[in-house]
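The sequence shown maps to residues 748 to 1091 in our numbering.
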Amino acid sequence: MTPFFLELYSKMHQATNRLWDFCRGSLSGVLRRYFPLIAVAVLVLGSIGAYLFLYRSPGRFPVGSVVTIDEGASVRASAAQLNAMGVIRSPLLLRALVRFMARAPIIAGDYFFSRPLSVREVVLKITKGDYGLVPVRVTIPEGATTFEMAGLFEKKFGRFDKKVFLGLTRDKEGYLFPDTYSFLPNVKAPEVIRTMQENFYKKIVDLSERLIAFKRPLGDIVTMASLLEKEARSMETRQRVAGVLWNRLKINMPLQVDAAFLYINGKNTYELTRADLATTSPYNTYKNKGLPPGPIANPGLASLRAALSPIPSRYLFYLSDRYGNMYYAQTFEEHKDNKRLYVY
748 MTPFFLELYS
758 KMHQATNRLW
768 DFCRGSLSGV
778 LRRYFPLIAV
788 AVLVLGSIGA
798 YLFLYRSPGR
808 FPVGSVVTID
818 EGASVRASAA
828 QLNAMGVIRS
838 PLLLRALVRF
848 MARAPIIAGD
858 YFFSRPLSVR
868 EVVLKITKGD
878 YGLVPVRVTI
888 PEGATTFEMA
898 GLFEKKFGRF
908 DKKVFLGLTR
918 DKEGYLFPDT
928 YSFLPNVKAP
938 EVIRTMQENF
948 YKKIVDLSER
958 LIAFKRPLGD
968 IVTMASLLEK
978 EARSMETRQR
988 VAGVLWNRLK
998 INMPLQVDAA
1008 FLYINGKNTY
1018 ELTRADLATT
1028 SPYNTYKNKG
1038 LPPGPIANPG
1048 LASLRAALSP
1058 IPSRYLFYLS
1068 DRYGNMYYAQ
1078 TFEEHKDNKR
1088 LYVY
């Protein structure tokens, strides 16, 4: 290396050392001067971080959901699953808390979270087997169809399988009793169906004598009751409408019940068109004589009683105005007059 380059290298080295000494001295001075502020900032940030991770639940916490920890799953696998479902933020933190705080194994099973929990609370819950499965109340209104029931159960119970329920209730319309029920959050469709069916048969025990005296199959009574549930509101009105419909059946006259179209296409009396009335369906009581092939809804006890206790009359026609008032007629001419006076 030439003397020129040796001198240049020496000067650059000296300049670099002086710059480093200056920065080091200045940085030390800054640290000494602002150390209290820096310490407070670190403490505050650390506290915020500890709060976020230990005491605050994730924003997407699955409130109202059931989370299953599989039998035999490792702590690592369970932590990853809880993280994926939004129960915790950090799988690593959960594993550390299970090891050093709880010092107990994770217990498998279905866990229900009714409110957001911190990771500490989650650890305590899953290491104590605190499943939180408190019964949930659900009310099924009278006249609900199995399809409507499926929607209610799906909304109330996060893991309820609507498709399974509908598949298992294809031949059970009318026999799932509308009532208020209490089920655990992890309830499955078969248990719901079994409970509702058992309730139905318990309720009709009180009607057994009337059923025998009426001399009609239970299926006919349930189907008639489902029509009454949709056609009338009060007990007396249902009994009067029952009298009209049983009269029609006696003389082999089509029932012409508009409510059946709620089951066919979801339309009510005031939405029906002539094309609707000509719809090909076994539930079309305008085209087909006799009762529909099955119930169009799940009737309550009042409608079942009304079907078994019709008020005798000579009426063959009835209609309801937009306010629910009923008008009856013996002849078609009288029926047309009622339509002109109270409907159109």
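No residue lacks a Cβ here, since even glycine has one placed at the ideal position from N, Cα and C.
When the alpha-carbon of D908 is set against those of I998, P932, I816 and P1040, the nearest one is in P932. Taking the CA atoms as reference points, K1036 sits about 58 Å from V834.
With fewer than three CB-CB distances shorter than 8 Å, the segment 879-896 does not count as touching the segment 1052-1062.
Three or more beta-carbon pairs drawn from the segment 803-823 and the segment 903-923 are found closer than 8 Å, and the two stretches are therefore classed as touching.
Cβ neighbours of Q1003 within its own chain (closer than 7 Å, five residues either side excluded): T1032 and Y1033. Counting C-beta pairs closer than 8 Å gives fewer than three between the segment 966-986 and the segment 927-946, which falls short of the contact rule. Cβ neighbours of L844 within its own chain (closer than 8 Å, five residues either side excluded): V866, R867 and V870. Relative to E901, the option among L864, F930 and F1008 whose CA is nearest is F930. Contact check for E889 against P1042 fails: the beta carbons are separated by 9 Å or more.
Annotation: D857 to K935 spans about 13 Å, alpha carbon to alpha carbon. Taking 9 Å as the cut-off, the Cβ atoms of N946 and F912 do not count as close.
For L829, the enclosing alpha helix (DSSP H) starts and ends at V822 to A831.
Look at T1016 here: in three-state DSSP terms it is helix. Straight-line spacing of the CA atoms in L974 and A1007 works out to 7 Å. Between Y1065 and V988, the C-beta spacing is below 9 Å.
Boundaries of the alpha helix (DSSP H) around S1050: L1048 to L1055. Within the same chain, Cβ atoms closer than 6 Å to the Cβ of G1047 are found at E889 and P925, the five residues on either side in sequence being excluded. Between V952 and Y1062, the gap from beta carbon to beta carbon reaches 9 Å or more.
Looking at the DSSP output, S1067 shares a beta bridge with M1073. Where F859 is concerned, the enclosing beta strand (DSSP E) starts and stops at G856 to F860. Taking a C-beta distance under 9 Å as the contact criterion, L841 and A824 do not qualify as a contact pair. Setting aside the 5 residues that flank it on each side, T927 is surrounded in the same chain by R884, V885, T886 and I887, each with a C-beta closer than 8 Å to its C-beta; the list follows chain order.
In this structure, the alpha-carbon of M1073 lies about 8 Å from that of T984. Per DSSP, S955 is one residue of the alpha helix (DSSP H) stretching across S955 to F961.
Judged by DSSP secondary structure, V870 falls within the alpha helix (DSSP H) whose first and last residues are V866 to K875. If you check the CB distance, T1026 and N1012 come in under 9 Å. Pairing A820 with A851 gives a Cβ-Cβ distance that is not under 9 Å.
Counting along the chain, Y928 sits inside no alpha helix (DSSP H); it lies in the beta strand (DSSP E) bounded by residues T927 to F930.
Looking only at P805, R1087 and N1085, the smallest Cα-Cα distance to P863 is reached by P805. In the displayed model, S812 falls within a strand according to three-state DSSP. Shown here, T942 sits in a helix according to DSSP, grouped into three states. Excluding the 5 residues flanking it on each side, F961 has same chain C-beta neighbours closer than 6 Å at L1055, in chain order.
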